[in-house]
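Novice: Quick one: structure below, then a few questions.
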Amino acid sequence: MRSNSSKSGTFHGLYAELFALYGPRGWWPLIGLAEESRPGCCIRGYHPLDYELPATPAQVFEICAGAILTQSVNWTSVEKALRSLHALNALQPARLLALGDDVLTAAIRPAGYFNQKAKKLRLFSAFFAGLDGRIPDRQELLTLWGIGPETADSMLLYAFKVPTFVVDAYTRRVLTRRGLIRGSESYDDIKRLFEENLPRDLALFQEYHALIVEHARELRGKPGE
DNA sequence: TTCCAGGCAATAC
DNA sequence: GTATTGCATGGA
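The opening position of the first sequence corresponds to residue 1 in the working numbering, with each subsequent residue numbered one higher.
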């Protein structure tokens, strides 16, 4: 028996605890949901217990764009950028690529790092168009300029529905606080820890990461346990 | 005003 | 291999 059998319980236990606290989160938020496709179905683009989303290529693309825009930035800022792009009908690769540099950077300005992110969005848009509906693998995404491990995993888990675990600053913070990790482990080490201790289930992975974010936001600014 | 937010790439050691 | 720095806005 491996020595991490107790950790397995711990990882399940933390999930159960967070789920009991916050309930299903319904990630990833989709800007267009409330406004057009399903009025009244959700709050701020969340869609609890609906694991069929994203349901359209445009929604898949929107999540990927959001994953890029949220790099090192508060989600509320990203929402502004996404709404601007949505208003320009540019949450689809061909339309985004057709935007002039000034229009694109003006639209995403609230999300910060707008020069870099404009370049990232363009490069990703071309890549996405080339996929033609195919699901990319992780290595492929990581070779793209501007796509690192967290962005790649977020896209895979929430846009492409591949059960791969997303690690972010919140994940590291919550696990460190719990004493489950020291905090200095690498991205891949932490990712592996979740994946080896949990069944590889899409809804579970999606909810778990979303719950960690919710919990970490809740704890922000409060003293440790 | 200062600090930091759901990263990433480039550069320095 | 690990540490540091630039990228930029906006809210607390």
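Think of the CB as a built atom: it goes at the ideal place given N, C-alpha and C, for glycine as much as any other residue.
Note that the structure is predicted; figures quoted are calculated from it, not measured.
Please state the DSSP three-state secondary structure of Leu142.
Specialist: Translated into positions along the first sequence, residue 142 becomes position 142. Note: Leu142 maps to helix in three-state DSSP.
Novice: Between the alpha carbons of Gly112 and Leu85, how many angstroms are there, rounded?
Specialist: For the purposes of this step, residue 112 is identified with residue 112 of the first sequence, where counting begins at 1. For the purposes of this step, residue 85 is identified with residue 85 of the first sequence, where counting begins at 1. If you take the alpha carbons of Gly112 and Leu85, they lie about 15 angstroms apart.
Novice: If I measure Cβ to Cβ from Leu88 and keep anything under 8 angstroms in the same chain, skipping five residues before and after, which residues do I get?
Specialist: For the purposes of this step, residue 88 is taken as the residue at position 88 of the first sequence. These residues qualify, in order along the chain: Arg95, Leu99, Val103, Ala107.
Novice: Entirely within the segment 28 to 102 and at least 4 residues each: give me those alpha helix (DSSP H) ranges in chain order.
Specialist: The qualifying runs are 57 to 69, 75 to 87, 93 to 98.
Novice: Helix, strand or coil for Asp166, going by three-state DSSP, please let me know.
Specialist: Stepping through the first sequence from its first residue, residue 166 is reached at position 166. Sequence check: residue 166 is Val here, not Asp. Looking at Val166 - three-state DSSP - the assignment turns out to be coil, as it is neither helix nor strand.
Novice: Within the continuous alpha helix (DSSP H) that includes Gly130, where are the two ends?
Specialist: Translated into the one-based positions of the first sequence, residue 130 becomes position 130. First-last of the alpha helix (DSSP H) with Gly130: 114 to 131.
Novice: Under a three-way DSSP split, which group does Ile147 fall into?
Specialist: Reading the first sequence from its first residue, position 147 is the one you call residue 147. The answer is coil: DSSP assigns Ile147 none of H, G, I, E or B.
Novice: Could you please give the first and the last residue of the uninterrupted alpha helix (DSSP H) stretch that includes Asp189?
Specialist: Along the first sequence, read from residue 1 onward, the residue named residue 189 stands at position 189. It spans 187 to 197 - the alpha helix (DSSP H) in which Asp189 sits, taken as one unbroken run.
Novice: The alpha helix (DSSP H) with Leu202 in it runs from where to where?
Specialist: Residue numbering aside, residue 202 sits at position 202 when the first sequence is read from its first letter. Taken as a continuous stretch (DSSP letters only), the alpha helix (DSSP H) holding Leu202 covers 202 to 219.
Novice: How is Arg178 classed by DSSP in three states: helix, strand or coil?
Specialist: Here the question's residue 178 lines up with position 178 in the first sequence. Arg178 falls in the helix class under three-state DSSP.
Novice: Does the contact criterion of 3 or more C-beta pairs under 8 angstroms hold for the segment 119 to 131 versus the segment 139 to 152?
Specialist: The answer is yes - the segment 139 to 152 touches the segment 119 to 131, with three or more Cβ pairs under 8 angstroms.
Novice: Are the segment 182 to 193 and the segment 203 to 211 touching, with three or more C-beta to C-beta distances below 8 angstroms?
Specialist: Short answer: they don't touch.
Novice: Mapping DSSP to helix, strand and coil, what is Asp153?
Specialist: By one-based count along the first sequence, residue 153 stands at place 153. If DSSP states are grouped into helix, strand and coil, Asp153 belongs with the helices.
Novice: Between the C-alpha atoms of Pro149 and Leu157, what's the straight-line distance to the nearest angstrom?
Specialist: Translated into the one-based positions of the first sequence, residue 149 becomes position 149. Translated into the one-based positions of the first sequence, residue 157 becomes position 157. Computed Cα separation, rounded: 12 angstroms.
Novice: Give me the Cα-Cα distance between Leu161 and Asp101, rounded to the nearest whole angstrom.
Specialist: Reading the first sequence from its first residue, position 161 is the one you call residue 161. Reading the first sequence from its first residue, position 101 is the one you call residue 101. For clarity, residue 161 is Lys in the given sequence; the question names Leu instead. Between Lys161 and Asp101, the C-alpha separation is close to 31 angstroms.
Novice: Run the CB neighbour count on Ala90, radius 10 Å, all protein chains shown included, and call it buried at 16 or more, exposed below.
Specialist: Translated into the one-based positions of the first sequence, residue 90 becomes position 90. The residue in question, Ala90, is buried, as its Cβ has 16 or more Cβ neighbours within 10 Å.
Novice: Rounded to the nearest angstrom, what separates Leu144 and Thr151 at their Cα positions?
Specialist: Counted from its first residue, the first sequence places residue 144 at position 144. Counted from its first residue, the first sequence places residue 151 at position 151. If I take the Cα positions, the gap works out to 11 angstroms.
Novice: Alpha carbon to alpha carbon, how far is Leu30 from Trp75? Give it in angstroms, no decimals.
Specialist: Residue 75 sits at position 75 when you count from the first residue of the first sequence. Residue 30 sits at position 30 when you count from the first residue of the first sequence. For Trp75 and Leu30, the distance between alpha carbons rounds to 12 angstroms.
Novice: Ala16: buried (16+ other C-beta within 10 angstroms of its C-beta) or exposed?
Specialist: Here the question's residue 16 lines up with position 16 in the first sequence. Per the 10 Å Cβ criterion, exposed.
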